[in-house]
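Laid out in structure tokens, this is it:
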């Protein structure tokens with residue numbers, strides 16, 4: 002085996018050590034079917050080592066309908082020998098070859114011990130040359146990884162030492178087990194993913210064993226099938242089936258194993274107790290059957306925050322202003338002045354929804370019991386009990402009440418959870434606190450032992466970042482990440498850092514003394530406090546939660562959300578998510594929809610998503626979040642999505658969040674941002690950062706504390722018919738910096754994609770800005786373009802501006818209409834649109850209005866501005882027309898957003 006086989010580097014799902022990682026709470030999943038293994042490790046295995054206990058060729062039973070039979074083994078290994086370094090020789094199949102044997106040994110089982118994280122080990126039975134084969138391995142995971150993307154084990158077929166098919170299991174710090182398949186072409190950084198990862202187990206315990214099968218068959222079109230399961234559980238059908246008909250497909254080769262430990266994890270290892278391979282032969286021409294049970298295919302969520310560079314500084318001093326240009330008469334036809342209604346946003350009030358109840362629905366009452374039959378007359382006496390008892394596919398109808406529970410919906414159970422018509426249902430993480438006694442500084446309750454994790458990053462127990470751009474905590478608010486929450490008669494109290502600081506309206510958690518100390522006299526008042534951290538973790542494909550509220554959960558930052566969608570095709574609808582300690586709601590998985598959500602008053606962020614392809618947020622209100630005043634960077638505010646593809650944010654309100662309104666960051670590709678109102682946020686209204694391919698249409702982006710629309714290192718953006726006005730800094734800022742997709746070691750990559758992923762090059766290019774209202778009085782310019790890397794001019798970025806209405810308070814507020822970056826040279830500064838047009842040829846059908854407002858208090862165009870805008874608007878292309886309700890080639894009747902008040 003050559004050194005290239007080992008030195009391939011980390012798999013594409015791993016993250017750089019600079020980044021913080023996340024762990025999630027792992028509630029017990031009673032319905033998962035996972036059992037704790039009995040004897041798991043040989044007596045001589047060091048803690049943290051990976052034990053390879055055997056490698057056998059025993060053929061698993063065929064799944065129903067399979068037409069391939071498994072023959073006699075050509076390789077078999079039980080690892081029942083002693084080898085100090087390396088794996089030695091298999092029972093059947095010859096010698097193992099390895100480029101690096103450090104940490105590999107055999108002693109009553111094989112072991113791979115990683116003393117240095119971020120490294121890999123491989124072993125190949127090169128003497129076995131076979132094409133149509135079924136390989137099987139059994140591994141043991143003595144301890145779960147502490148951080149990072151996890152520990153990996155790969156089973157290889159048709160290997161020549163550099164190129165091979167590989168089925169890989171990944172065990173995460175939370176005990177989730179993912180399975181994927183790929184063709185490796187020289188190294189793990191050069192691979193063709195044949196299937197997305199599938200979640201195959203959700204609560205692996207330290208010391209449990211996993212069994213894997215990998216089958217490759219045929220030559221013209223190679224079929225690669227794999228499955229993995231916890232030893233002791235029922236063997237599943239094939240969970241991942243993929244084909245390879247490319248010219249690079251592999252015909253035959255050896256059998257191998259591979260393992261890798263995330264660079265962010267503490268040293269550990271794996272054990273291998275069995276490895277085998279046997280030929281498979283066909284008894285018919287039928288293809289491999291599809292799995293009998295659909296398997297979800299999300300990836301373990303990766304840390305959604307990177308190290309964003311600071312947004313740009315105020316531009317240079319402008320040139321002397323000149324008179325604005327007079328617009329020419331329009332030559333394109335215009336469409337009707339049809340406004341788009343903006344009603345129907347946010348959740349219906351809790352207790353007002355009326356979802357139909359299907360036949361066979363099961364009923365639930367608030368409580369903490371395990372009784373009831375699920376009938377209307379005898380409902381289940383808690384949601385936890387109902388989830389445990391209900392068959393997959395059921396609808397649970399919750400009767401009115403407050404459900405003080407923390408519930409996990411296992412991956413094996415698809416359910417619809419909804420409120421009873423016109424009845425108010427709340428999932429509530431708080432409960433009443435009684436038994437107060439006077440203390441030296443206030444009133445105290447003893448026996449207070451919530452033990453909430455207070456670390457501020459997405460890694461449990463980790464300290465805050467050291468660089469300013471990755472510091473979560475604002476020094477002025479040092480307790481922002483403390484999840485403790487207390488209310489007196491419904492009024493939130495302020496947490497303080499010591500008992501001496503306790504006064505009226507405040508509280509202190511004495512963790513050492515297990516006391517809760519209150520500064521307000523509780524006599525005659527109702528005192529409640531958060532006692533639970535998470536409301537509902539939905540892990541099953543296709544589940545629906547609708548018509549209820551989620552409030553007062555004391556979730557830590559690393560737990561991601563009080564309510565989470567952790568698999569594919571999950572829908573949250575008509576939910577009020579409020580007053581939770583950190584993040585209100587979060588999603589990872591494909592095809593997740595959040596519809597008619599109201600997320601407000603949450604401590605860090607209203608919501609977020611990561612690795613969430615085909616994600617949709619629509620008709621929602623995300624307002625008043627980050628009440629704990631986390632830093633703007635790396636993440637806080639209304640809603641942030643990262644590392645996702647084909648996403649849509651339509652008809653939402655992002656309003657009065659303490660920092661950013663809507664943030665799309667870290668290799669988001671193909672997004673639609675349309676019909677939103679991002680108003681009154683403390684920082685930037687909408688951010689597109691190190692991502693690519695967006696339409697930003699028909700939005701109102703107004704009165705935000707920093708920029709209106711900020712586009713950083715993001716190309717192929719269509720900005721049409723937005724009203725961008727009244728923001729404290731530039732209305733439209735385009736900033737290029739030194740980050741590039743081609744640097745595969747930098748933060749921000751979607752490592753599910755082959756790297757470098759040049760669909761997202763992190764370069765501003767091909768940006769069109771037309772038919773917008775671009776207005777403001779702050780900052781140095783209305784439109785600012787710069788390249789901090791000094792590589793690209795605005796012309797090289799291929800920016801196109803035309804048909805916009807510009808407005809500023811005076812010739813000096815701001816003093817520049819446009820600042821036009823020139824790479825390494827001094828930027829061109831244009832005081833007026835006319836000067837900009839004369840120099841660049843841009844904005845030939847635009848107008849600059851000074852002094853007179855062009856929008857009303859509710860961001861509608863004034864009568865005069867309507868007339869002016871009709872003279873300059875340009876026809877919309879087919880890619881944009883449908884988003885605006887227009888025909889392609891027709892100009893709208895006016896510039897700016899078409900949203901009505």
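In the numbering used here, the protein residues as written are 2 to 902.
For glycine and all other residues, C-beta sits at the position ideal for the given N, C-alpha and C.
Run through the segment 480 to 511 for me and flag every whole beta strand (DSSP E) of 3 or more residues, listed as ranges in chain order. For the segment 480 to 511, the full-length beta strand (DSSP E) segments reaching 3 residues or more read 487 to 489 and 507 to 511 along the chain.
Between the C-alpha atoms of residue 691 and residue 737, what's the straight-line distance to the nearest angstrom? A direct Cα-to-Cα measurement between residue 691 and residue 737 gives close to 9 Å.
Please go through the same chain and pick out, in chain order, the residues whose beta-carbon is closer than 6 Å to the beta-carbon of residue 340, but skip the five residues on each side of it. Only weak support exists for where residue 340 lies, its pLDDT of 43 falling under 50; the value from the coordinates is given anyway. Here the set comprises 899 and 901.
Of the listed residues 453, 564 and 594, nearest to residue 584 (C-alpha basis): Answer by Cα proximity: 564.
Check the C-beta distance from residue 969 over to residue 105 and give it rounded, since I have them as a contact under 8 Å. Nothing about residue 969 can be reported from this structure: the residues present for the chain run from 2 to 902 only.
For residue 387, which three-state DSSP category applies? The answer is helix: DSSP assigns residue 387 an H, G or I state.
Beta-carbon separation (whole angstroms), residue 824 vs residue 801, contact threshold 8 Å: Not quite, the Cβ-Cβ distance comes to about 18 Å (not below 8 Å), so this is no contact.
Close-in-space but distant-in-sequence residues of the same chain around residue 85 (CB under 8 Å, 5 per side omitted): Around residue 85: 106.
Report the option in 166, 854 and 207 whose CA atom is closest to the CA atom of residue 224. Looking from the CA of residue 224, the closest CA among 166, 854 and 207 belongs to 166.
Just the C-alpha distance for residue 651 and residue 741, rounded to the nearest angstrom, thanks. Going by the C-alpha atoms only, they are around 29 Å apart.
Nearest-angstrom Cβ-Cβ length linking residue 246 and residue 222, presumed shorter than 8 Å: With 8 Å as the limit, residue 246 and residue 222 qualify as a contact, their Cβ atoms being about 4 Å apart.
Say whether the segment 515 to 529 touches the segment 399 to 416, bearing in mind that this needs 3 or more beta-carbon pairs closer than 8 Å, one atom from each stretch. Segments in contact, no.
Span of the alpha helix (DSSP H) holding residue 869? If you look at residue 869, you'll find it in the alpha helix (DSSP H) that goes 864 to 871.
Near residue 169, which residues of its chain fall below 6 Å by C-beta distance, leaving aside the five closest residues on each side in sequence? 153, 155 and 181.
Any idea what DSSP makes of residue 416, helix, strand or coil? DSSP places residue 416 outside both helix and strand once states are collapsed to three, so it counts as coil.
Cross-strand partners of residue 759 (DSSP beta bridge): The partner list for residue 759 (beta bridge, DSSP) is empty, contrary to what the question assumes.
How long is the line joining the alpha carbons of residue 579 and residue 347, rounded to whole angstroms? Going by the C-alpha atoms only, they are around 12 Å apart.
Could you tell me the boundaries of the alpha helix (DSSP H) in which residue 837 lies? Element bounds for residue 837: 834 to 841.
Measure the Cβ-Cβ separation of residue 496 and residue 530 and say whether it is below 8 Å. For residue 496 and residue 530, no; Cβs fall outside 8 Å.
Neighbourhood of residue 74 by C-beta, 7 Å cutoff - its chain only, sequence neighbours within 5 removed: 58, 93, 277, 278 and 279.
For residue 640, which beta-bridge partners are listed by DSSP? Bridge pairing for residue 640: 608 and 663 [DSSP].
Who are the near neighbours of residue 392 in its chain, counting only those whose CB is closer than 7 Å to its CB and skipping five residues on each side? The beta carbon of residue 392 sits closer than 7 Å to no other beta carbon from its chain once the five residues preceding and following it are set aside.
Closest to residue 132 by CA distance: which of 126, 241, 251 and 186 is it? It is 251.
Any idea what DSSP makes of residue 325, helix, strand or coil? In this prediction, residue 325 has a pLDDT of 35, which is less than 50 and means its spatial position is unreliable; what the coordinates show is noted afterwards. Residue 325 falls in the coil class under three-state DSSP.
Name the one or two DSSP bridge partners that residue 768 has. Residue 768 is bridged to 718 and 800.
Count the other CB atoms, across all protein chains shown, that sit within 10 Å of the CB of residue 857; report buried if there are 16 or more and exposed otherwise. Classification of residue 857: exposed, given that the 10 Å Cβ count is below 16.
Host beta strand (DSSP E) of residue 680 (start-end): Note, residue 680: beta strand (DSSP E), 678 to 680.
Buried or exposed (CB count within 10 angstroms, at least 16 for buried), residue 249: So residue 249 counts as exposed.
Sort 643, 863 and 697 by Cα distance to residue 749 and report the nearest one. In this structure, 643 is the residue among 643, 863 and 697 with its C-alpha nearest to the C-alpha of residue 749.
Specify the secondary structure class of residue 381 as computed by DSSP and reduced to three states. In this structure, residue 381 counts as strand in the three-state DSSP scheme.
In angstroms with no decimal places, state the Cα-to-Cα distance between residue 438 and residue 453. Spanning the two alpha carbons is a distance of roughly 23 Å.
According to DSSP, residue 547 sits in a beta bridge with which residue or residues? Residue 547 is bridged by DSSP to 419 and 574.
Compare the Cα-Cα distances from residue 103 to each of 109, 120 and 110 and report the closest residue. Checked all of 109, 120 and 110; the closest Cα to residue 103 is 120.
Quick one: what does DSSP say residue 252 is sitting in, helix, strand or coil? Coil.
Within 10 Å of its beta-carbon, does residue 298 have 16 or more other beta-carbons around it, so buried, or fewer, so exposed? Note that residue 298 has pLDDT 31, beneath the 50 cutoff, so the model's placement of it is unreliable and the number below is only indicative. It is buried - the Cβ of residue 298 has at least 16 other Cβ atoms within 10 Å.
Around the C-beta of residue 296, are 16 or more other C-beta atoms found within 10 angstroms, so that it is buried, or is it exposed? Only weak support is given to the placement of residue 296: the predicted model assigns it a pLDDT of 31, under 50, and the value that follows is read from those uncertain coordinates. By the neighbour-count rule (16 or more Cβ atoms within 10 Å), residue 296 is buried.
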